[in-house]
Every structure is written in structure tokens, then in C-alpha cells.
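Going left to right, the sequence shown walks through residues -13 to 211 as this note's numbering numbers them. Input: a single structure, listed below in C-alpha cells.
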Amino acid sequence: MIGLGRAAGPLTLMALGVVAALLGWLVASPAVAVVPPLLALWGWHAWHRSAAVARGGARRRHRIDRVDELIQRLKAGASLRSALPPPAGAPGAARAIGAVGVAGAVGVAGAVGGAEDGDALVSTTVAVLVERGGAALPSLERLSDTLRSAEAAEAEARVQAGQATASASVLAVLPAVFAVVLAVVDARLRAFYLFQPLGAACLATSIILSHLGWWLMHHLIGAAR
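This is the structure:
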């Protein structure tokens, strides 16, 4: 049910794009047939990007929660080995020694290789503590502080990048707004855009270039963070 809810946005955009393409074919308007699907594709891209950002934030918070659960179990008197639940299919908690097993035991996916930095940090820290021993509680508390500091820094970076992201979105839609204004005030230009293939090509090119500029600006802002 949750998966269907998450897919409702892209499916709606795709359905609107198909309906608009059929409507454009019925009214003999290349622009109506081409422009809405391109806008739907842009909307899907924006939705996918925001969903990826949301998943990243949820993953970081989930990682912190799993480490905090380990800390609470240690404070309750459990050893680190007994505090680690065994991976699925493993006969005992001792099988969590490997990096992949530890990653699964603390609720983060993937091994050290190919995982996110936070996942690798958690996996490596817990694996070393299980294999080599040592004071697990203070080590995990420092790990929790590190993860929380990284999450706070990421949140601050998102806030600081908010104005730049908004400016990028405004700049991206300005060409489309300009074309709409011109079409409203000039009937000949409106007919050119709506019913001439060259006019539809101009609109499609404008949307594609605006989409590319929007993606590039968001990419640069994300890289600067």
C-alpha cells in the first residue's frame, strides 16, 4: 500500500502526459501533444529527486536509531555480541562479526564496499569492536555523536542551499512563462505555437533546455554541499 502511494505521483504524471498526447492528436495541435508529456517527464524527474533526498534523510535517521538501540542494550547490561541480533538465516549472533553481517544486524544495508559513508562507518566500528573487543559503550556513544553531527551538518547545508535551489527553479521556468505571455498577447504567435510543427518544436526545445538547466543547477548546488 505504501509503495502504491509513493508511485501515485509518477503514475498520475504519466497518465496526464498520455491523455494530453491523445488530445493533441485529436485537435491537431502538435504543441498539445508534445509539451504536456515533456512537462510530465520534468515533473517525474523532480519527484524522483525529492524522493531520493527524502530516502537519504530517512536512512541517516534510521542508522542513528539502530546505533542508539545498541547503546541502550549495552547500558542495560548486555554484551555487544548478545546485543547484536543475528542476520537472517544465521544460527547465532557470533555470525555478525563480518562487515556484511554487522551491517545487517544494526539495520543498515550493504557491506563496507559500495555502501554509504555512514553505513561503512557503522559496519566497520561494530565489526572491530566485536572482533577485537574493547570498551564498546563509549565507542558507540562517540559513533552516535559523529552520526548526529553529520546529520546536523547535512540539514544546515540543505537550509543554506534552499535559496539557491529556489532561484534555480525560477530561472528554469522563466522561458516558459515568457513564451506563454507572448502567446496570450499575440494571436498569430499563439496559432504558431499551438498548430504549427515548428512552433511545437520551439516549445519542446525550450522545455528540454530549461529542464537541462534546472538539472545542471541542482547538480552544481548538490555538489557544492
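Where a beta carbon is used, it is the ideal one built from N, C-alpha and C, also for glycine.
CB contact flag (residue i, residue j, <8 angstroms)
i             : j              : result
valine 221    : serine 196     : The structure shown does not extend to residue 221, since the chain is modelled only from -13 to 211, so the question has no answer here.
aspartate 105 : arginine 49    : yes
valine 112    : arginine 67    : no
alanine 122   : leucine 70     : no
valine 4      : alanine 190    : no
alanine 141   : isoleucine 207 : no
Range of the contiguous alpha helix (DSSP H) that encloses residue i
i           : result
valine 53   : 16 to 61
leucine 180 : 173 to 181
leucine 66  : 66 to 69
Cβ-Cβ separation, residue j to residue i (assumed contact under 8 angstroms), whole Å
i                 : j             : result
valine 53         : leucine 133   : 6 angstroms
alanine 17        : alanine 173   : Alanine 17 to alanine 173, Cβ: 15 angstroms. No contact.
phenylalanine 234 : serine 15     : The question about residue 234 has no answer, for the chain in this structure spans -13 to 211.
leucine 184       : leucine 175   : No, leucine 184 and leucine 175 are not in contact; Cβ-Cβ is about 12 angstroms, not under 8 angstroms.
leucine 129       : valine 156    : Incorrect: roughly 41 angstroms between the Cβ atoms, too far for contact.
glutamate 127     : isoleucine 57 : 6 angstroms
leucine 2         : proline 22    : 6 angstroms
Buried/exposed call for residue i, threshold 16 Cβ in 10 Å
i              : result
histidine 204  : buried
arginine 46    : buried
isoleucine 194 : exposed
glycine 11     : Reading the sequence as shown, one finds tryptophan at residue 11 and not glycine. With fewer than 16 Cβ atoms within 10 Å of its Cβ, tryptophan 11 is classed as exposed.
alanine 6      : buried
isoleucine 154 : According to the sequence shown, residue 154 is alanine rather than isoleucine. Buried: at least 16 other Cβ atoms inside 10 Å.
proline 124    : exposed
leucine 24     : buried
alanine 26     : buried
valine 92      : With a pLDDT of only 43 at valine 92, under the threshold of 50, the placement of this residue in the model should not be trusted, and no figure is reported.
- Contiguous alpha helix (DSSP H) assignments of at least 4 residues, all confined to the segment 128 to 192: 173 to 181
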